[in-house]
Structures are given as C-alpha cells and as structure tokens.
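Peer 1: Just dropping this structure here.
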Amino acid sequence: WRNLLVSFAHSVLAGLWALLSLWHSPELLSDIQDGYSVSGHLLICFSSGYFIHDSLDIIFNHQSRSSWEYLVHHAMAISAFVSLIITGRFLVAAMLLLLVEVSNIFLTIRMLLKMSNVPSPALYEANKYVNLVMYFIFRLAPQAYLTWYFLRYVEVQGQGAFLTANLLLLDAMILMYFSRLLRSDFFPSLRKGSVGRDVDGEKFLID
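Numbering (mature numbering (1 follows the signal peptide of the UniProt record, and there is no 0)) for the sequence shown: -30 to -1, 1 to 177.
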C-alpha cells in the first residue's frame, strides 16, 4: 500500500506538472531537442529523485527478484534523465514522456481497487474504460510520436543514440504492459496461471 500511495502521489504531481508546463508553453513542442524551461528542468529532477527513491526502496526491502522489471525501467529512466539534466537538451522529450504519469493515475487507482477489500465493481468498471482511454492518449500517443521523431530527426550518435536506444526499449516494455492490461481487464480468458500470479504480474503495469 505504501509503495502504491507514493507512486500515486508522484503520478499526480508529475503528470499534472508536465501537462500544465506544456499547456503554458506550447512553443516548446516546436523544439524538442533544444527547447528549455525551468519548470521542465525541475520536473525532470523531481521525477529522477522519485525513480532513485523507488529503486532503493525495492532493493532495501529485498524485492529485487520479484520487481526486476521496475528496476530495469527505473535504471533506464534515471540514466536518460540524468543525461538531460546535465546537458539541458531533450528536456521537452522528457516532458512529453512524463505525460505518461497522467495515465498512471488511473493505473494506480486500478491497482488500489483490486487490492481493496471494499467491493466496488461499478467504480472498477468505470475506471477500466477511463484507464484505457488515458493509456492511449497519455502513454501510447506520446511514445509513438517521440519514437517517430527520434528515428527521423535525431542523429544516431552520442546522446541521441543513447536516448534512441532507451526509447526503443521503452517501446517494447510499453507494448508488453499494454498486452497485460488488455488480457487482464478485457480478455480475462487469455490470462495464464493462478489468480495470485496474475496479480503479481499486473503490478508491472504501473510506471
């Protein structure tokens, strides 16, 4: 519960922060490589801190084996974000990626509802469809756009090559998470293994 609530707090803060920053300064979207805003820079520092904290929490609580996907994701995010913080480049790309946290708000609500002992099938059913829409708008769409942008416009050398590789790995992870989400919420007959095992697998839908 504690880890999910911390994740939920980060999703609300980072998701709304990214959304409002881009809404307030839409001109940033015309320069994904070199566009800069103080708000965006601070947002990336904030999210880097969260990913470092969550990674240490997983390691110190001896959950590395069961949460290895989290650690891989966080290592990718931390390394990419640190390179952006140092160079000041591709900050807008990171802000677009952090729109995913808006989607994560509903993914976390989904997990909290599944873990809760309070029966609320109507609320879960409503959140299920809202979650799917948010997944498309704030996770799949920004990810697809940035993948296209990097492959077309970013030089595959140095930082550009490193970030492109990170982005392509993230593409694979996101498609895997999307497949899990569809199987769990919309095609339950395709789920494999026991119920307990399924719930363990679904924790990786977040982040």
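Each residue gets a CB set at the ideal place from its N, CA and C atoms; glycine is no exception. Being a predicted model, the structure only gives us computed values, none of them experimental.
With three or more C-beta pairs closer than 8 Å as the rule, is the region -22 to -6 touching the region 67 to 76?
Peer 2: With the cut-off at 8 Å, the region 67 to 76 and the region -22 to -6 touch.
Peer 1: Is the separation between the beta-carbon of residue 45 and that of residue 136 shorter than 7 Å?
Peer 2: One-based indexing of the sequence shown puts residue 45 at position 75. One-based indexing of the sequence shown puts residue 136 at position 166. Cβ atoms of residue 45 and residue 136: not closer than 7 Å.
Peer 1: For the putative contact between residue 113 and residue 140, defined by C-beta atoms under 8 Å, what is the C-beta separation to the nearest angstrom?
Peer 2: As a first step, residue 113 is located in the sequence shown; it is residue number 143 there, counting from the start. As a first step, residue 140 is located in the sequence shown; it is residue number 170 there, counting from the start. Indeed they touch by this definition, with Cβ atoms about 7 Å apart.
Peer 1: Anyone know if the C-beta pair for residue 109 and residue 73 falls short of 7 Å?
Peer 2: In the sequence shown, counting from the first residue as 1, residue 109 sits at position 139. In the sequence shown, counting from the first residue as 1, residue 73 sits at position 103. Yes; because the gap between Cβ atoms is below 7 Å, this pair is in contact.
Peer 1: Measure the CB-CB distance between residue 63 and residue 121 and report whether it falls below 7 Å.
Peer 2: Walking along the sequence shown from the start, residue 63 turns up at place 93. Walking along the sequence shown from the start, residue 121 turns up at place 151. It is not a contact, given that the beta carbons lie outside the stated cut-off.
Peer 1: Under 7 Å, do residue 104 and residue -27 count as touching if we go by C-beta distance?
Peer 2: Taking the first residue of the sequence shown as position 1, residue 104 is located at position 134. Taking the first residue of the sequence shown as position 1, residue -27 is located at position 4. No. Outside cutoff.
Peer 1: By a C-beta neighbour count over all protein chains shown, 10 Å radius and 16 as the cutoff for buried, is residue 2 buried or exposed?
Peer 2: Walking along the sequence shown from the start, residue 2 turns up at place 32. Buried is the call here.
Peer 1: On the premise that residue 94 lies in contact with residue 83, defined as a C-beta separation below 8 Å, what is that separation, rounded to the nearest angstrom?
Peer 2: Indexing the sequence shown from 1 puts residue 83 at position 113. Indexing the sequence shown from 1 puts residue 94 at position 124. Sure, about 5 Å apart at Cβ, within 8 Å.
Peer 1: Tell me which residues share the same chain as residue 119 and place their Cβ nearer than 7 Å to its Cβ, disregarding the 5 neighbours each side in the sequence.
Peer 2: The count along the sequence shown starts at 1 and reaches residue 119 at position 149. Cβ within range, chain order: 2.
Peer 1: For residue 47, collect the residues of the same chain with a Cβ closer than 7 Å to its Cβ; drop the 5 residues on either side in sequence, then sort them by chain order.
Peer 2: For the purposes of this step, residue 47 is taken as residue 77 along the sequence shown, with counting starting at 1. Same-chain partners within the cutoff: 21.
Peer 1: Which term fits residue 17, buried or exposed, when burial requires 16 or more other beta carbons within 10 angstroms of its beta carbon?
Peer 2: Numbered from 1 along the sequence shown, position 47 holds the residue referred to as residue 17. Buried.
Peer 1: Do you know how far the Cα of residue 91 is from the Cα of residue 178?
Peer 2: Only positions -30 to 177 of the chain appear in the structure, and residue 178 is not among them; the question remains open.
Peer 1: Using alpha carbons as the reference points, say which of 54, 26, 53 lies closest to residue 41.
Peer 2: Taking the first residue of the sequence shown as 1, we reach residue 41 at position 71. It is 26 whose Cα lies nearest to the Cα of residue 41.
Peer 1: Excluding the 5 residues flanking residue 159 on each side, which residues of the same chain have their C-beta closer than 7 Å to its C-beta?
Peer 2: The residue given as residue 159 occupies position 189 in the sequence shown. None.
Peer 1: Assign residue 24 to buried or exposed, taking buried as 16 or more other Cβ atoms, counted over all protein chains shown, within 10 Å of its Cβ.
Peer 2: Counting from one through the sequence shown, the residue named residue 24 turns up at place 54. Per the 10 Å Cβ criterion, buried.
Peer 1: Taking the C-alpha atoms as reference points, what is the distance between residue -6 and residue 32?
Peer 2: Along the sequence shown, one-based indexing puts residue -6 at 25. Along the sequence shown, one-based indexing puts residue 32 at 62. So the alpha carbons of these two residues sit roughly 42 Å apart.
Peer 1: Label residue 10 either buried or exposed according to how many other C-beta atoms from any shown protein chain fall within 10 Å of its C-beta, with 16 as the threshold for buried.
Peer 2: The residue you call residue 10 lines up with position 40 of the sequence shown. Residue 10 should be labelled buried.
Peer 1: Could you check what DSSP says for residue -14 in three-state terms: helix, strand or coil?
Peer 2: Translated into the one-based positions of the sequence shown, residue -14 becomes position 17. Residue -14: helix per DSSP, three-state reduction.
Peer 1: Distance check for residue 157 and residue -17, CA to CA, integer angstroms please.
Peer 2: Here residue -17 refers to the residue found at position 14 when the sequence shown is read from its first residue. Here residue 157 refers to the residue found at position 187 when the sequence shown is read from its first residue. Between residue -17 and residue 157, the C-alpha separation is close to 31 Å.
Peer 1: Please classify residue 56 as buried or exposed, where buried requires at least 16 other C-beta atoms within 10 Å of its C-beta.
Peer 2: Counted from its first residue, the sequence shown places residue 56 at position 86. Exposed, because fewer than 16 other Cβ atoms sit within 10 Å of the Cβ of residue 56.
Peer 1: How close, in whole Å, do the beta carbons of residue 61 and residue 6 come, if the pair is a contact with beta carbons under 8 Å?
Peer 2: Looking up residue 61 in the sequence shown gives position 91. Looking up residue 6 in the sequence shown gives position 36. Correct: roughly 6 Å between the Cβ atoms.
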